[in-house]
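Student: Numbering (the working numbering), first residue to last: 269 to 525.
Before anything else, here's the structure in question.
Here it is, written out as structure tokens:
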């Protein structure tokens, strides 16, 4: 179902964001950019990114605003993966070789010093390929750090860690999280929102997939802040600062019922 003003995405009222005056956009144009509360950024002592693929533009923009350690987790990529992509593109004479060269160079330049990439997936289990939020909070985040910003896009695995995020919510300054298969997990999302003490300050629908028959967007990007929000709700979405994840296709407007 294509997005139109007459055919908005429909979300439940508990997902309606409250107004904040200091929203800023971090990350590249279209897919990979998110709106967050600038107060959350400036209060943060570390940024944890769960899932990067070939895009860490959000992490780079965050770092420009406040110079804190950045630690990302993703077992699907590393410099060897990007080098392999580059070699394959070169062997085929593909124009993608320029893209993969830039990705490789940017990766090597950014992930050094206090910026770290840990090659593990996020989940409940502890094994050579997975690490839990509980382990991260105990062993990777220094105990003196009380303000952690999380950016989470882990393709459905987010539902495994929602309770863990609630458990450490007193240490979270801000959170941007993509919820996938929203129609199948709406009860889990509702439980999380009700038990997670931070405030929803922005909501955006990913337009890569069509709406369901009930006008539910398959994926949503939710932003939370630890700071106080206005009493009033956001009146219309998307925000002028939002961009469609898939360029060339109209962004979803949102109706809360």
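Each residue gets a CB set at the ideal place from its N, CA and C atoms; glycine is no exception.
Fair warning: this is a prediction, and the values are worked out from it, not measured in the lab.
#1: Does DSSP put residue 435 in a helix, a strand or coil?
#2: Leaving aside the five residues before and after residue 405 along the sequence, list all residues of the same chain whose C-beta is less than 6 Å from its C-beta, in chain order.
#3: Tell me which same chain residues have a C-beta within less than 6 Å of the C-beta of residue 387, skipping the five on either side of it?
#4: Distance check for residue 417 and residue 330, CA to CA, integer angstroms please.
#5: Within 10 Å of its beta-carbon, does residue 373 have 16 or more other beta-carbons around it, so buried, or fewer, so exposed?
#6: Give me the Cα-Cα distance between residue 489 and residue 422, rounded to the nearest whole angstrom.
#7: Flag this pair as yes or no: are the beta carbons of residue 341 and residue 294 separated by less than 8 Å?
#8: Less than 8 Å between the C-beta atoms of residue 390 and residue 471, yes or no?
#9: Could you name the residues that DSSP lists as bridge partners for residue 395?
#10: Out of 424, 509 and 495, which has the shortest C-alpha to C-alpha gap to residue 443?
#11: Near residue 487, what residues of its chain come up, given a Cβ to Cβ distance below 8 Å and the 5 sequence neighbours on each side ignored?
#12: Classify residue 305 as helix, strand or coil using the three-state DSSP reduction.
#13: Would the stretch 396 to 412 and the stretch 298 to 306 be scored as touching if the rule is three or more Cβ pairs under 8 Å?
#14: I need the straight-line Cα distance from residue 366 to residue 456, nearest angstrom please.
#15: For the beta strand (DSSP E) containing residue 441, name the first residue and the last one.
Tutor: So, from the data block:
#1: One-based indexing of the chain shown puts residue 435 at position 167. Looking at residue 435 - three-state DSSP - the assignment turns out to be helix.
#2: By 1-based counting over the chain shown, the position of residue 405 is 137. Within its own chain, the residues whose Cβ lies closer than 6 Å to the Cβ of residue 405, once the five positions on either side in sequence are excluded, are 436, listed in chain order.
#3: Sequence index remark: in the chain shown, residue 387 carries index 119 (1-based). Same-chain partners within the cutoff: 343 and 346.
#4: Within the chain shown, numbered from 1, the residue matching residue 330 stands at position 62. Within the chain shown, numbered from 1, the residue matching residue 417 stands at position 149. Rounded to the nearest angstrom, the two C-alpha atoms are 10 Å apart.
#5: Translated into the one-based positions of the chain shown, residue 373 becomes position 105. Residue 373 comes out exposed.
#6: Translated into positions along the chain shown, residue 489 becomes position 221. Translated into positions along the chain shown, residue 422 becomes position 154. Rounded to the nearest angstrom, the two C-alpha atoms are 12 Å apart.
#7: Counting from 1 along the chain shown, the entry for residue 341 is found at position 73. Counting from 1 along the chain shown, the entry for residue 294 is found at position 26. Cβ distance not < 8 Å, so residue 341 and residue 294 don't count as in contact.
#8: As a working mapping, residue 390 is identified with position 122 in the chain shown. As a working mapping, residue 471 is identified with position 203 in the chain shown. Going by C-beta atoms, residue 390 is not nearer than 8 Å to residue 471.
#9: One-based indexing of the chain shown puts residue 395 at position 127. Paired residue(s): 398.
#10: As a first step, residue 443 is located in the chain shown; it is residue number 175 there, counting from the start. Checked all of 424, 509 and 495; the closest Cα to residue 443 is 495.
#11: Within the chain shown, numbered from 1, the residue matching residue 487 stands at position 219. Counting only Cβ-Cβ distances below 8 Å, and skipping sequence neighbours, we find 446, 447, 448, 449, 450, 473, 474, 476 and 477.
#12: Here residue 305 refers to the residue found at position 37 of the chain shown. Residue 305 falls in the strand class under three-state DSSP.
#13: no
#14: On the chain shown, residue 366 is found 98 positions in, with the first residue counted as 1. On the chain shown, residue 456 is found 188 positions in, with the first residue counted as 1. Going from the Cα of residue 366 to the Cα of residue 456 covers about 42 Å.
#15: For the purposes of this step, residue 441 is identified with residue 173 of the chain shown, where counting begins at 1. Here the beta strand (DSSP E) through residue 441 covers 440 to 448.
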